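Report on the structure given below.
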Amino acid sequence: MSDRPSVSSSIVRFVRDCARGLLDVAYPPRCLGCGGRAESPQLPLCPTCVRSLERAPEVEVTARLDRLPIGTSIFDEALALWVFDKGGTLQAVQHALKYQNRPRYGVPLGRLMGEAFAERHPTPDGVVPVPLHRTRQLERGYNQSAVLAEGVAEALSCPGRPDLLARPHPTRSQTGLSREERWRNVRDSFSADPAAADGHWLLVDDVLTTGATAVAAGQTLAGAGADALNLMTLGLARQ
Numbered sequence: 001m002s003d004r005p006s007v008s009s010s011i012v013r014f015v016r017d018c019a020r021g022l023l024d025v026a027y028p029p030r031c032l033g034c035g036g037r038a039e040s041p042q043l044p045l046c047p048t049c050v051r052s053l054e055r056a057p058e059v060e061v062t063a064r065l066d067r068l069p070i071g072t073s074i075f076d077e078a079l080a081l082w083v084f085d086k087g088g089t090l091q092a093v094q095h096a097l098k099y100q101n102r103p104r105y106g107v108p109l110g111r112l113m114g115e116a117f118a119e120r121h122p123t124p125d126g127v128v129p130v131p132l133h134r135t136r137q138l139e140r141g142y143n144q145s146a147v148l149a150e151g152v153a154e155a156l157s158c159p160g161r162p163d164l165l166a167r168p169h170p171t172r173s174q175t176g177l178s179r180e181e182r183w184r185n186v187r188d189s190f191s192a193d194p195a196a197a198d199g200h201w202l203l204v205d206d207v208l209t210t211g212a213t214a215v216a217a218g219q220t221l222a223g224a225g226a227d228a229l230n231l232m233t234l235g236l237a238r239q
């Protein structure tokens, strides 16, 4: 009896995904930035809109993390690809990826993240997505950070390591919480296996707002024995 909801949900998602694939063939997706023809069904942006997105300054990412209790001491470097403006093009893309059942957007976006990381940084031993709690992942059907991490790993020609970090404790949504509330909400929500965590890892998430989730995840990896940690997110929320 307990398996029926999950099986039913899987069937519904399968039928919905098949229908959406057929619609993409009949009606090619439009760019989420300008409404023009998208480059591909996988990347819902035209080349012009990709070029127009504002790159996130590394100094601003560092400054954001420095406002947290343990700040940037966890990461050797922390980067974000683009600036995330409320109501802007990147928000439309991220919301489609995260809330509108478009996991296929994640891999090509992740490749762009990986290419940007590779411009100035050595290849890590593996790419680790920030995990979702099991309940949240079952509700959504996938982890948006995991599909981004898949693309990052492809671009860097290194393994994806979603097994290194777990989220055994559920947390409330971070939306609407202050920086301090966000930190208290997630600081003890992750776990990692000390027998497997040593190495140089690149932690990947979708959007960095206060950085609380990323720092809590990074702190767990560091405590489990990671030798070096970098952080890469798709977006940096403007504040």
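Using the UniProt record's numbering, you'd call the opening residue of the sequence shown number 1 and step up by one each time.
All residues carry an ideal CB built from backbone N, CA and C; glycine is no exception.
Just so you know, these numbers come straight off a predicted model, no measurement behind them.
Proximal residues to ASP227 (C-beta, below 7 Å), its chain only, five neighbours per side dropped: ASP198, GLY199 and HIS200
Cα-Cα separation, PRO168 to LEU234: 24 Å
Collapsed DSSP secondary structure at ARG111 in the structure displayed: helix
N-terminal and C-terminal residue of the beta strand (DSSP E) that ASN230 is part of: 228-237
Short Cβ contact (8 Å threshold) for LEU229 with LEU221: yes
Nearest-angstrom beta carbon gap, PRO29 and PRO41 [assumed within contact, 8 Å]: 5 Å
Where the beta strand (DSSP E) containing GLY126 begins and where it ends: 126-129
Nearest-angstrom beta carbon gap, GLY218 and PHE75 [assumed within contact, 8 Å]: 6 Å
Collapsed DSSP secondary structure at GLU119 in the structure displayed: coil
Which residues DSSP lists as bridging LEU208, in chain order: LEU236
Assumed close pair LEU81, VAL130 - CB separation to whole angstroms, cut-off 8 Å: About 15 Å separates the two Cβ atoms, so there is no contact after all.
LEU234 beta carbon near the ligand ATP (any heavy atom closer than 7 Å): Ligands are entirely absent from the displayed structure, and the ligand ATP is therefore not among its contents.
Proximity below 8 Å, CB of ALA78 to CB of VAL61: yes
Same chain, Cβ closer than 7 Å to ASP85, five either side skipped, listed in chain order: GLN91 and ARG238
Cβ shell of GLU54 (< 7 Å), same chain only, five flanking positions each side left out: TRP82 and VAL83
Continuous beta strand (DSSP E) stretch holding LEU177: start and end: Counting along the chain, LEU177 falls outside any beta strand (DSSP E), and DSSP gives it neither H nor E.
Extent of the continuous beta strand (DSSP E) run through ALA80: 77-84
For ALA166: DSSP bridge partner residues: SER191
Cβ-Cβ distance between ALA166 and SER191 below 8 Å: yes
Cβ separation of residue 308 and GLY106, assumed to be a contact under 8 Å, to the nearest whole Å: What the structure shows of the chain is the stretch from 1 to 239, and residue 308 is not part of that stretch, so it cannot be assessed.
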